[in-house]
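What follows is a short report on a single structure.
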Amino acid sequence: MEKSKIVLPCPPYIAPVLRQEIENLGYKVTHEGPLDVALEGTKEDCMHLNLHLRTANKVLFLIKSFRADNPDKLYQQLYQVKWEDYLNENSYLCITSYVNNEKILNTQFANVRAKDAIVDRLKDKTGTRPDSGPLRDQMVVFLHWMEDQASIYLDTSGETISKHGYRKIPGKAPMNESLAAATILSSNWKTDQVFINPMCGSGTLAIEAACIAANKAPGLNRDKFGFHYLKGFDLTAWEKLKAEAIQKEKAIECKIIAGDNSRMAIQAAKQNAEEAGVADAITFEKKDFRDSTIPEGEGVVFLNPEYGERLGEEQELGNVYAQIGDFFKRDCKGKTGYIFTGNMNLAKKIGLRTKRRIPFMNAKIECRLLEYELYAGTKKDKG
């Protein structure tokens, strides 16, 4: 089976977490950059990665790298690719790109030239040309063009895999699924320990924790990927990969608690958990975070409070952050506390010393995952 470079783009700061995920699946990473991780593999490996990865955005399979210093050279190089071996001429094609070339003032122009080369080749070789446009729900081809260096990839994901397919009701200012998974995988939570998620909103953190604890492949929630529309798609191999993933699921050994003082949030979280197939593993409670159920034993208390992007909001939220600090000190001894926030001024109101400050981006907001060791006795007793 044909092997090539597989590139897995991801948001800033997530590459180390993604690398660990890839290595845990048994692959050897060949490159880790600030916004991607790469390895060598086959199109079947792409199916496996799409099925299992929690923190990647895409799975891109390299077709060709070449030099092109202008749009005509790009067209010529792409026309030479045997697209009839990769793409179905009767399907719908979308071209996406990252372009940084001084001769290209409009990225859409590069996309159009790439599309023209591909559909012209298909029409010349098969007599039929695919429809094309912006939708990413069938065949997707990705162009990376930096100065005079270009690479063309099959986007085997299609729509991004950062969405895990269960969140029908997103709630207010949510973390997306891949970011929630990355923060949990960056914490020191172990899947036999309690996971407490006050202020749960639409439930994404608690649901991702349950899926991780169950070893539940995120791609099982999704009907179709980009690879379904490629020439030579092996349905039997895909069904086998899904069956193997289901066989590797395990019973959840920990208690997961998701609480919120909003009845609507709890309803949304329950519905999303049902979609993800983990509702039975999560205890939902309509409570203010200060009244959260805190079971005995080791574990984490994980909050994602609002950031207060406007001045009035920030002043109002200062008291909430101070109360989180009091809640940690009073009720969460022996646990590890985590706050995910995009407002470090508010974080100071917590009044506890952080053990770690792990950077992330939530959309365009620079954020930190703040870790607090909440000692049951004194720090000296803990040692």
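Going by full-length UniProt numbering, the residue at position 292 of the sequence shown is 292; the numbering climbs one at a time, nothing skipped.
All C-beta atoms, glycine included, are put in the ideal place defined by N, C-alpha and C.
Item	Value
Best match in K5, L53, I6 for proximity to N24 [C-alpha to C-alpha]	L53
Closest Cα partner of Y75 within the set A110, N106, N50	A110
Buried or exposed by the 16-neighbour rule on C-beta atoms within 10 Å, applied to I365	exposed
Whole-Å CB distance - L374 paired with G334, under 8 angstroms assumed	7 angstroms
Among E316, C254, N176, D36, nearest to P12 - alpha-carbon criterion	D36
G133 classed as buried or exposed, judged by whether at least 16 other C-beta atoms fall within 10 angstroms	exposed
R54 - DSSP class collapsed to helix/strand/coil	coil
Length of the line joining the Cα atoms of residue 445 and I118	Missing from the structure shown is residue 445; the chain here goes from 1 to 383 and no further.
Boundaries of the beta strand (DSSP E) in which N197 is found, first to last residue	194-197
Range covered by the alpha helix (DSSP H) that runs through M264	263-276
Contact belief for P198 with S292 at Cβ below 8 angstroms, rounded distance in angstroms	5 angstroms
Rounded C-alpha distance that separates G342 from K168	25 angstroms
Candidates M361, K248, T30, of which the one nearest L179 by Cα	M361
Proximity of A273 and G203 at Cβ, strictly below 8 angstroms	yes
Length of the line joining the Cα atoms of S4 and F61	7 angstroms
Chain-order list of residues whose beta-carbon lies under 7 angstroms from that of D85 (same chain, five-residue window excluded)	K231
Of the listed residues I339, G325, K250, Q77, nearest to I350 (C-alpha basis)	G325
Coarse secondary structure for G318, derived from DSSP in three states	helix
Y375 beta carbon near the ligand GDP (any heavy atom closer than 7 angstroms)	Questions concerning the ligand GDP fall outside what the structure shown contains, since it holds no ligand whatsoever.
Selection from G219, N345, I6 that minimises the alpha carbon distance to F142	I6
Short Cβ contact (8 angstroms threshold) for E285 with I257	yes
Separation of I196 from I184, as counted between CA atoms	12 angstroms
Bounding residues of the beta strand (DSSP E) (the contiguous stretch that carries P130)	No beta strand (DSSP E) contains P130, which DSSP labels as neither H nor E.
Same chain, Cβ closer than 7 angstroms to P170, neighbours up to 5 away in sequence not counted	S202
Buried versus exposed, by CB contacts within 10 Å (16 or more), D381	With a pLDDT of 45 at D381, under the threshold of 50, the predicted position of this residue should be treated as unreliable, though the coordinate-derived value follows. Label assigned to D381: exposed.
Three-way DSSP call (helix, strand, coil) for G219 in this model	helix
Residue(s) in a DSSP beta bridge with S151	S65, H144
Selection from V300, A347, I339, R290 that minimises the alpha carbon distance to E314	A347
D137 beta carbon less than 8 angstroms from that of A68	no
Residue 390 - containing alpha helix (DSSP H), residue span	Here the chain comprises residues numbered 1 to 383, so residue 390 is not present and cannot be evaluated.
Exposed unless 16 or more other CB atoms sit within 10 angstroms - verdict on R19	buried
Local Cβ density within 10 Å of Y153, reported as buried at 16 or more and exposed below that	buried
Inter-residue Cα distance where the pair is S65 and S151	4 angstroms
Contact check, L220 vs A182, beta carbons under 8 angstroms	no
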